[in-house]
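Asks: What follows is a structure written as structure tokens; I'll ask about it next.
Protein chains: 2
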Amino acid sequence: MTMSNTGGRRKPPTIHDVAREAGVSRGTVSRVLNGGHYVSPAAAEAVNTAIRKTGYVVNRHARSLITGRSDSVGFLLTEPQERFFEDPNFNVLLRGCTQALAAHDIPLLLMLAGTDDERRRITRYITAGHVDGVLLVSSHSGDPVAEELRAAGVPLVACGKPIGLGSKVSYVAADDRDGARDMVRHLLALGRRRIGVVTGPLDTPGGVERLAGYREVLSEAGMEIDERLIVSGDYSRASGEAGAERLLARAPDVDAVFVASDLMAQGVLTALHRAGRRVPDDVAVGGFDDSPAAVAASPELTTIRQPWDRISAEMVRVLLAQIGGEDPAAVILPTELVKREST
Amino acid sequence: MTMSNTGGRRKPPTIHDVAREAGVSRGTVSRVLNGGHYVSPAAAEAVNTAIRKTGYVVNRHARSLITGRSDSVGFLLTEPQERFFEDPNFNVLLRGCTQALAAHDIPLLLMLAGTDDERRRITRYITAGHVDGVLLVSSHSGDPVAEELRAAGVPLVACGKPIGLGSKVSYVAADDRDGARDMVRHLLALGRRRIGVVTGPLDTPGGVERLAGYREVLSEAGMEIDERLIVSGDYSRASGEAGAERLLARAPDVDAVFVASDLMAQGVLTALHRAGRRVPDDVAVGGFDDSPAAVAASPELTTIRQPWDRISAEMVRVLLAQIGGEDPAAVILPTELVKREST
DNA sequence: CATGCTTCTGTGAGCGTTCACAGTAGAGAA
DNA sequence: TTCTCTACTGTGAACGCTCACAGAAGCATG
């Protein structure tokens, strides 16, 4: 009966088959496929029914060969991969980008640049024009891949403000500084006056900005900044724990801690618990990221949510615009304070 | 100075440029590119230096146009996406597949079939031959996308035993039954005799197999199976909690619980704690998956680790073999018992 | 009636590669 | 020498599409 369903794949219909079926020329079919300008309604109709009837799908390879576009974009992760792949926000980002691109019928190629070998291969792949643009996840300062892509003129949109790439590269980021400001203001509003901070790594824009927000709000409140209340971490849980211990040793009267990531905040909670401080009664704790760690913690963490769904949508929007010839752009999106038990 | 670095992308060199540079014909360059058979060492050498000198990278579109292959594969997720995207094992799988493919210079296209619209688009994209094969993640029984792809003769490898797809589709899975057997044997070895089980959904192979392993071991030990000790869940944390409560009500003398997922096991721990049972003193608890939930739990969960890194590698291996013309194959990989505090 | 303009349509060329085929050169055998 | 065989090389055609161009048809304007 249905021989078509058994065994190998059949040769798909070409634009030629559609043209014959519709009684028009290749050119007309092509025009219908690409926007339908300069096509009579009758011809367009005939072509569309022929497309449905034959089950025609454009051969992207043939199209790309002549247009020079690939109609696909790469999602490049040059971050040490373990860290980001375990971050649920990364999942949201990846999923969001894939879906936003799918709406434009653009496939997403996942590229992981872990080893130097992979880095080389991917760079060559991209610069050879096999993708039209790249969505970049990399907080690596002075990332050689990113630099090379930028130099080659590949449309590029980074997630988060990239370091050392000049102003020529687009990026989409959450407003770290403003998020930090919100949190510190929140702690002040609760009546806390000895507010400590466990920063992120200060060689990343995120780390710097979040600390800057902390300083700004305290200054604006007319408070003098006590450098003993500032300790730095590296976003890891362990560094949060160590940071809190240093903080307690240096300033035992601390009554609130703004922690630059939820994971570190978990460590801070552990250290505070061990030191016999009650949260939030003795010390209020604010995190950053609104990761699952925030709700898994006890008490559940008050934190700053980054709009990851909007970030992915904006990254795709900016990238497509740039592929379309527009200039690089920076987009900063607002964060949101999520109040829970820890403050 | 370096005009090449400013502005747009330059036109990349073609096989023609390489041929001219090397003083040979297109055909010879092509032969070097594809295995180098029937090429004199001198010519091969000349071509290779010309490739390096010109920075030539093959134009995959042109190649695909004539070979009919795309030299790319799709990673298709038809699962309700939230669930899998939050599963860290999914990350390991996705990363593993990407890297295994990268070793063969094959890009991975991420495809998420959430809505019906996406489903249609993706099906058409794949059956049109835009990917050579598909890595499928779907526990959805009777998945229409998978069925359509199978019918169209698209090489397909599923992660986990697929339901209702006949025997014609390859899959790679962990040995659920054997994993369950290991865990129950472990509980028996600890001297437990009233071993309950919270199963996974029994319309999935995983759920069925894990329960089967439980039954087998108890039967082999000459014990009679008490159906009151068997309650079913749906892998969610909440269902674990509810399951444990039912178990305690029906068989208060239970001294161990084998739970078919770590997430459910967390729920079980919560319920046991609330009921005043100590773990593992009063009741030993064994999970399944070795997800981060296992170490996040207190006490840390004894669990069954699925070899996700090997699963991804095998999926890619089987898919490439199938693309190469081999018959579909099923691969079952062994699991590993990870002992922690809960038993 | 010619002229121009707009809207529409068909045609040939070409994108960069692989593949089949025809050919060349050199070695060894008759 | 001549033939055959092997190892290698070059060439034209094709893959399926888009693009530029030429031309046709319709309509208003001079």
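If you read the protein sequences in the order shown, they are chains P and A. First residue of the first sequence: 72, per the working numbering; consecutive thereafter. First residue of the second sequence: 72, per the working numbering; consecutive thereafter. The C-beta atom is built at its ideal place from N, Cα and C for all residues, glycine as well. Given the structure is predicted, the values throughout are model-derived calculations rather than measurements.
Using a beta-carbon distance below 7 Å, is S135(P) in contact with chain A?
Replies: yes
Asks: Alpha carbons only, please: which of V328(A), G358(A), T194(A), S101(A) is nearest the one belonging to T138(A)?
Replies: If we check each option's Cα against that of T138(A), S101(A) comes out closest.
Asks: Could you give the first and the last residue of the continuous beta strand (DSSP E) run that contains M294(A)?
Replies: No beta strand (DSSP E) holds M294(A); DSSP gives it neither H nor E.
Asks: What number of angstroms, rounded off, separates the C-alpha of G250(A) from the C-alpha of S413(P)?
Replies: 40 Å
Asks: To the nearest whole angstrom, what separates the beta carbons of S290(A) and Y306(A), a pair I think is in contact under 8 Å?
Replies: The Cβ separation is near 25 Å, so there is no contact.
Asks: For a quick check, are the C-beta atoms of V216(P) and T149(P) less than 7 Å apart?
Replies: yes
Asks: Quick one: Cα of P378(A) to Cα of P405(A), how far?
Replies: 7 Å
Asks: Check each residue of the segment 115–131 of chain A: if its Cβ is closer than 9 Å to any Cβ of chain P, include it; give the result in chain order.
Replies: Residues passing the 9 Å Cβ filter: G126, Y127, V128, V129, N130, R131.
Asks: Quick check: what's the CA-CA separation for K82(P) versus A199(A)?
Replies: 9 Å
Asks: Alpha carbons only, please: which of I234(A), L300(A), E312(A) is nearest the one belonging to P323(A)?
Replies: L300(A)
Asks: Per DSSP, what kind of secondary structure is D69(A) in: helix, strand or coil?
Replies: Only positions 72 to 414 of chain A appear in the structure, and residue 69(A) is not among them; the question remains open.
Asks: Who are the Cβ neighbours of G277(A) in its own chain at under 6 Å, not counting the five residues just before and after it?
Replies: The residues are D247, G271.
Asks: Do the CB positions of C168(A) and L207(A) come within less than 7 Å of each other?
Replies: L207(A) sits away from C168(A), with the two beta carbons spaced by 7 Å or more.
Asks: Chain A partners of L343(P), CB-CB under 9 Å?
Replies: Ordered by position in chain A, no residue passes the 9 Å Cβ test against L343(P), which lies about 18 Å from the chain.
Asks: From L220(P) to P399(P), what does the alpha carbon distance come to, in whole angstroms?
Replies: 14 Å
Asks: Between R317(A) and the rest of its own chain, which residues show a CB-CB distance below 7 Å, the 5 nearest in sequence each way excluded?
Replies: V302
Asks: For a cutoff of 7 Å on Cβ pairs, would you count H201(A) as touching chain P?
Replies: yes
Asks: Could you tell me which whole alpha helix (DSSP H) segments of length 4 or greater appear in the segment 161–239 of chain P?
Replies: 187–196, 215–222
Asks: With contact counted as at least three CB pairs below 8 Å, one residue from each stretch, are the segment 168–180 of chain A and the segment 81–100 of chain P in contact?
Replies: No, the segment 168–180 of chain A is not in contact with the segment 81–100 of chain P.
Asks: Let me see if you follow: with CB-CB separation under 7 Å, is F155(A) close to chain P or not?
Replies: No, F155(A) does not count as interfacial toward chain P.
Asks: Would you mind sorting N105(P) into buried or exposed? The rule is 16 or more other CB atoms within 10 Å of its CB.
Replies: exposed
Asks: So, are the CB atoms of H132(P) and H132(A) less than 7 Å apart?
Replies: yes
Asks: Between which two residues does the alpha helix (DSSP H) holding E116(A) run?
Replies: Counting along the chain, the alpha helix (DSSP H) containing E116(A) begins and ends at 112–125.
Asks: Taking beta-carbon pairs under 8 Å, can you tell me which members of the segment 365–379 of chain A lie near chain P?
Replies: A367
Asks: Does any residue of chain P have a CB that is nearer than 7 Å to the CB of A171(A)?
Replies: Cβ-Cβ to chain P under 7 Å: no for A171(A).
Asks: Identify each residue in the segment 176–189 of chain A for which the Cβ-Cβ distance to at least one residue of chain P is less than 8 Å, and report them in chain order.
Replies: D176, P178, L179, L180, L181, M182, L183, G185, E189
Asks: Could you spell out the range, first to last residue, of the alpha helix (DSSP H) harbouring L104(A)?
Replies: 97–104
Asks: Using only the alpha-carbon positions, how far apart do D326(P) and Y196(A) sit?
Replies: 58 Å
Asks: Would the C-beta of L181(A) count as close to the ligand SAH, meaning under 6 Å from any of its heavy atoms?
Replies: In the structure shown, the ligand SAH is absent, as is every other ligand, since no ligand is present at all.
Asks: Is the Cβ of R195(P) closer than 7 Å to any Cβ of chain A?
Replies: yes
Asks: Nearest-angstrom Cα distance between T194(A) and R252(P)?
Replies: Straight-line Cα distance between these residues: approximately 47 Å.
Asks: What separation, rounded to the nearest whole angstrom, lies between the Cα atoms of V402(P) and Y285(P)?
Replies: 22 Å
Asks: Could you say which of F329(A), R191(A), G338(A), K410(A) lies nearest to A313(A) if we only look at CA atoms?
Replies: G338(A)
Asks: Anyone know if the C-beta pair for A283(A) and L259(A) falls short of 7 Å?
Replies: no
Asks: Could you spell out where the beta strand (DSSP E) holding L408(P) opens and where it closes?
Replies: Start and end: 407–409.
Asks: Quick one: what does DSSP say D352(P) is sitting in, helix, strand or coil?
Replies: coil
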